[in-house]
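So for the sequence shown, the working numbering puts the first residue at 348; every next one is plus one.
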Amino acid sequence: MTHVMAKGANIALPVAAVRAVLRWSATPGAPDVDASALLLGPAGKVRSDADFVFYNQPRHPSGLVRHLPKQQTADGSEITDTVEAELGKLPADVERVVLAGSSEGGTFRTVSGLRLLLFDAAAGDGVPALAEFAMADGDEVTALVAGELYRRAGAWKFRAVGQGYASGLIGLATDFGITVEDEGSTQAGTAAGPPAGDPRAALPDPRPAGRPEPGTFTLAPAVPQASVPPASAPQAPTGVPATVPPPPPKPPTVPPNLPPAPTAPPAGRPGYGYPPPAPRPGYGYPPQQPPAPAPGYGYPPQQHQPQHQPQQQPGYGYPPPNTAPQAQPPVPQQPAPPAEEFALPPQGPQFQPR
348 MTHVMAKGAN
358 IALPVAAVRA
368 VLRWSATPGA
378 PDVDASALLL
388 GPAGKVRSDA
398 DFVFYNQPRH
408 PSGLVRHLPK
418 QQTADGSEIT
428 DTVEAELGKL
438 PADVERVVLA
448 GSSEGGTFRT
458 VSGLRLLLFD
468 AAAGDGVPAL
478 AEFAMADGDE
488 VTALVAGELY
498 RRAGAWKFRA
508 VGQGYASGLI
518 GLATDFGITV
528 EDEGSTQAGT
538 AAGPPAGDPR
548 AALPDPRPAG
558 RPEPGTFTLA
568 PAVPQASVPP
578 ASAPQAPTGV
588 PATVPPPPPK
598 PPTVPPNLPP
608 APTAPPAGRP
618 GYGYPPPAPR
628 PGYGYPPQQP
638 PAPAPGYGYP
648 PQQHQPQHQP
658 QQQPGYGYPP
668 PNTAPQAQPP
678 VPQQPAPPAE
688 EFALPPQGPQ
698 FQPR
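And the structure:
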């Protein structure tokens with residue numbers, strides 16, 4: 348069933364690929380009409396000039412949008428120009444596909460029976476259209492947006508637009524971000540007429556002979572920029588890598604005749620600058636101390652004068668003794684006791700003189 352749509356109406360598309368057909372009456376002296384498509388990103392502009400598909404650039408680089416040759420009906424009463432789009436395979440950054448048309452040799456007011464038909468691209472001939480949008484009240488414009496295919500919640504829809512451009516196809520393309528160049532004379536790459544095999548070649552040309560087609564344009568090609576190295580950068584010779592790693596650091600130089608530094612004195616004799624080893628006591632026993640002399644009867648004890656002992660190392664497992672000499676307090680001299688008178692003990696009678 349075909350949806351007959353009014354301006355501004357929209358419908359959901361249950362198909363993955365569509366065929367958009369501009370159809371109008373083949374009236375003698377009427378301007379020619381060309382269909383085109385623009386792939387728009389999130390900002391409402393084309394991503395590059397390659398997103399503009401029309402008769403001079405009939406195939407998108409991805410191959411998902413194509414402009415087909417113009418045809419005429421079997422009875423010759425109508426002419427069609429077609430654009431196909433595989434909506435289900437378009438990348439996610441393509442949010443809209445604008446279906447546009449442009450007239451050559453006059454405005455759309457003089458084009459009768461102009462309408463846009465939307466078909467399922469997978470269906471064969473004779474299948475009714477999904478939608479039909481008639482643009483009978485054409486204004487004095489030479490380009491218009493007939494409709495648009497757009498994403499909504501992961502699905503594709505179609506909206507009938509019918510917006511005209513008095514500035515022609517150049518103004519329409521520029522409004523969507525295309526870089527175009529309007530040329531006053533026919534040059535290489537400019538569309539001077541319909542391609543070979545196009546049914547338009549059999550139609551009379553209303554333009555005066557020798558004049559270029561009005562409103563023709565070419566996409567401004569990108570000028571390749573040659574990379575020029577900076578003047579200060581040195582050029583590496585042929586066969587030599589541009590970057591040479593620095594040499595490894597050299598080890599410090601040692602004089603060949605210098606003897607190595609001594610680490611210990613030779614066995615059996617002290618080396619120069621080394622102290623002599625001290626004698627060690629027996630294993631596990633502290634050093635012996637000389638006994639103090641016993642005092643004589645009736646005489647004060649003599650003070651023992653410590654003799655100088657060489658410093659000895661303590662035995663294994665014992666703390667080192669305090670070898671520093673201790674200061675001895677002075678001993679007071681006691682006076683000698685008084686001498687007692689000597690008397691013999693009393694004698695017995697046997698020892699008395701008689």
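The beta-carbon is built from N, C-alpha and C at its ideal position, and this holds for glycine as well.
Predicted model, so just to flag it, every value in this text is computed and none were measured.
Neighbourhood of residue i by C-beta, 6 Å cutoff - its chain only, sequence neighbours within 5 removed
i, result
"residue 507", "352, 354, 356, 480 and 494"
"residue 461", "371 and 482"
"residue 449", "381, 490 and 516"
"residue 435", "363"
"residue 415", "429"
"residue 524", "392 and 393"
"residue 368", "427, 429 and 464"
"residue 453", "378"
Assigned exposure category for residue i - 16 Cβ within 10 Å defines buried
i, result
"residue 569", "Any reading at residue 569 must be qualified, since the residue scores a pLDDT of 39, below 50, and its modelled position is unreliable; the value itself is stated next. Looking at its Cβ environment, which holds fewer than 16 other Cβ atoms inside 10 Å, residue 569 is exposed."
"residue 348", "exposed"
"residue 424", "exposed"
"residue 410", "exposed"
"residue 366", "buried"
"residue 422", "exposed"
"residue 513", "exposed"
"residue 447", "buried"
"residue 501", "exposed"
"residue 439", "exposed"
"residue 432", "buried"
Neighbourhood of residue i by C-beta distance below 7 Å, restricted to the same chain and skipping five residues each side
i, result
"residue 486", "455, 456 and 511"
"residue 437", "411"
"residue 373", "419, 423, 424, 425 and 426"
Contact set for residue i: own chain, Cβ-Cβ below 8 Å, skip 5 residues either direction
i, result
"residue 397", "404, 407 and 408"
"residue 358", "350, 352, 477, 478, 504 and 505"
"residue 469", "362, 363 and 364"
"residue 400", "383, 384, 385, 386, 406, 407, 412, 413, 414 and 430"
"residue 467", "362, 364, 365, 366, 474 and 477"
Test: residue i CB closer than 7 Å to a CB of chain D
i, result
"residue 402", "The structure shown contains no chain D; it is built from a single protein chain."
Extent of the continuous alpha helix (DSSP H) run through residue i
i, result
"residue 522", "515-522"
Element boundaries [beta strand (DSSP E), containing residue i]
i, result
"residue 490", "490-499"
"residue 505", "502-512"
"residue 462", "462-467"
"residue 401", "It is not in any beta strand (DSSP E) - residue 401 carries neither H nor E in the DSSP assignment."
"residue 352", "350-352"
"residue 448", "443-451"
Rounded distance between the beta-carbons of residue j and residue i, thought under 8 Å
i, j, result
"residue 519", "residue 444", "Contact doesn't hold; Cβ gap of about 14 Å is too wide."
"residue 388", "residue 458", "Between residue 458 and residue 388 the Cβ distance is about 31 Å, and since that is not below 8 Å, they are no contact."
"residue 378", "residue 451", "6 Å"
beta-carbon residue i near the ligand ADP non-hydrogen atom, thresh 6 Å
i, result
"residue 473", "The ligand ADP is absent from the structure shown, which contains no ligand whatsoever."
Does the region 385-402 come within contact of the region 468-477, defined as at least 3 CB pairs closer than 8 Å?
no
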